[in-house]
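Working notes for the structure below.
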Amino acid sequence: MRLLTLNPRFLLSKTKPNFPVRSLATNSQPISLSPPKSPHSHSLTNKTGLITGASRGIGAAIAQAFAREGVQCILVGRNRELLESVKQGLDDVGEGSEREGGGRHRVLVGDVGEMGFWEGVRKEKNIDILVNAAGVTHYSPLFVTSPGWLEEVMRTNLMGTMMGCRAVGKGMLGKKGGCIINIASLLGVKGGKGSSAYAASKAGVIGLTRALAAELGEKNIRVNVIVPGYIETDMTEGVAMTPEARSNALNSIPLKRFGQASEIADAAVFLAKNQYANNCVLNLDGGLSAI
Numbered sequence: 001m002r003l004l005t006l007n008p009r010f011l012l013s014k015t016k017p018n019f020p021v022r023s024l025a026t027n028s029q030p031i032s033l034s035p036p037k038s039p040h041s042h043s044l045t046n047k048t049g050l051i052t053g054a055s056r057g058i059g060a061a062i063a064q065a066f067a068r069e070g071v072q073c074i075l076v077g078r079n080r081e082l083l084e085s086v087k088q089g090l091d092d093v094g095e096g097s098e099r100e101g102g103g104r105h106r107v108l109v110g111d112v113g114e115m116g117f118w119e120g121v122r123k124e125k126n127i128d129i130l131v132n133a134a135g136v137t138h139y140s141p142l143f144v145t146s147p148g149w150l151e152e153v154m155r156t157n158l159m160g161t162m163m164g165c166r167a168v169g170k171g172m173l174g175k176k177g178g179c180i181i182n183i184a185s186l187l188g189v190k191g192g193k194g195s196s197a198y199a200a201s202k203a204g205v206i207g208l209t210r211a212l213a214a215e216l217g218e219k220n221i222r223v224n225v226i227v228p229g230y231i232e233t234d235m236t237e238g239v240a241m242t243p244e245a246r247s248n249a250l251n252s253i254p255l256k257r258f259g260q261a262s263e264i265a266d267a268a269v270f271l272a273k274n275q276y277a278n279n280c281v282l283n284l285d286g287g288l289s290a291i
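Quick note on numbering: the sequence shown equals residues 1 to 291 in the UniProt record's numbering.
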């Protein structure tokens with residue numbers, strides 16, 4: 001068998017080869033190295049997004065990421081001062097034009113666990129994206145948890161999400177399209193000591209997401225859920241998590257770090273853009289769910 005060899009003088013030559021490079025393309029056009037844009041990944045510019053739990057943590061990070069994409073954000077929470085602070089940051093994000101979202105963001109103060117709040121939201125007919133990020137935590141064994149706390153956790157985390165999907169989803173039916181992104185928790189999948197109420201509420205959010213993805217998909221309304229593990233927020237700092245608990249948690253994560261709220265926000269942007277994303281249960285836990 002003969003081996004094909006190249007003349008080293010040709011390899012070292014500074015002269016250009018005498019064949020046209022463009023002829024390598026079948027259409028005789030220059031080859032573009034830029035990836036083609038997917039027709040199924042839509043721009044979020046001038047979309048309207050309502051984000052609950054937007055005063056801090058994951059909700060605020062998602063609002064910031066959406067604003068950079070040109071989304072007009074409606075920030076929902078119970079603390080007006082914190083919401084206004086987040087809004088001020090959003091007004092400075094992006095290209096600074098009214099068309100791209102600058103100065104168009106607004107706040108909506110209310111309790112997502114109250115039906116009356118969502119009755120008011122139903123008047124908003126132009127919401128394209130709903131993010132249910134509001135939530136409360138309470139860690140204690142079930143048998144020493146007061147009925148009041150059990151009710152509060154379920155009311156905010158599960159009923160608040162369900163009522164939000166119901167109220168905003170009706171408007172999306174009229175628009176013949178929309179996107180709902182729920183925020184659950186790895187505890188809703190794996191459980192954990194002292195997390196009975198919280199784990200049950202977040203497991204309910206995952207089940208709700210799957211059911212709505214089936215119900216609303218044919219109406220061009222996509223419903224997905226993000227399942228975060230340990231994320232650097234006020235719930236994993238200070239009195240909310242002891243140094244020993246934090247160290248144990250870090251050692252159990254394959255990536256050996258907590259996630260950032262901005263990484264959850266990146267996933268929310270993906271789910272909002274990708275038009276084939278429906279019934280996604282997206283784990284972002286650094287590999288903890290594999291342990």
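Heads up, the beta-carbon is just placed ideally off N, CA and C, and yes, glycines get one too.
| Query | Result |
| --- | --- |
| Residue closest to M162, alpha-carbon to alpha-carbon, out of A134, K47, P141, I74 | A134 |
| Three-state secondary structure (DSSP) of G174 | helix |
| Reduced DSSP category for Q72 - H, G, I as helix; E, B as strand; rest coil | strand |
| G229 beta carbon less than 8 angstroms from that of I253 | yes |
| Boundaries of the alpha helix (DSSP H) in which L83 is found, first to last residue | 80 to 91 |
| Same chain, Cβ closer than 6 angstroms to A61, neighbours up to 5 away in sequence not counted | A261, S262, A265 |
| Residue closest to S186, alpha-carbon to alpha-carbon, out of F66, G286, G57 | Checking the displayed sequence, the identity of residue 186 turns out to be Leu instead of Ser. Residue G286 is the option with its Cα nearest to L186. |
| Simplified DSSP assignment, three categories, for T52 | strand |
| V227 (DSSP reduced to helix, strand or coil) | strand |
| Buried versus exposed call for A184 [16 or more other C-beta atoms within 10 Å across all chains shown] | buried |
| Contact belief for L50 with L158 at Cβ below 8 angstroms, rounded distance in angstroms | Incorrect: roughly 18 angstroms between the Cβ atoms, too far for contact. |
| With 16 other Cβ atoms within 10 Å as the buried cut-off, status of A25 | Here the model assigns A25 a pLDDT of 46, short of 50, so the residue's position is not dependable and the matter cannot be decided. |
| K47 and V71 closer than 8 angstroms at C-beta | yes |
| Simplified DSSP assignment, three categories, for V269 | helix |
| Helix, strand or coil at C165 according to DSSP, with G and I counted as helix | helix |
| Of the listed residues V227, S247, A267, nearest to P289 (C-alpha basis) | According to the sequence shown, residue 289 is Ser rather than Pro. Per the Cα distances, V227. |
| Alpha-carbon to alpha-carbon, E244 and K125 | 48 angstroms |
| Under the three-state DSSP convention, the category R210 falls into | helix |
| Beta-bridge partners of R106, as assigned by DSSP | I74 |
| Selected residue, minimal CA-CA separation from F143, among G169, R106, S195 | S195 |
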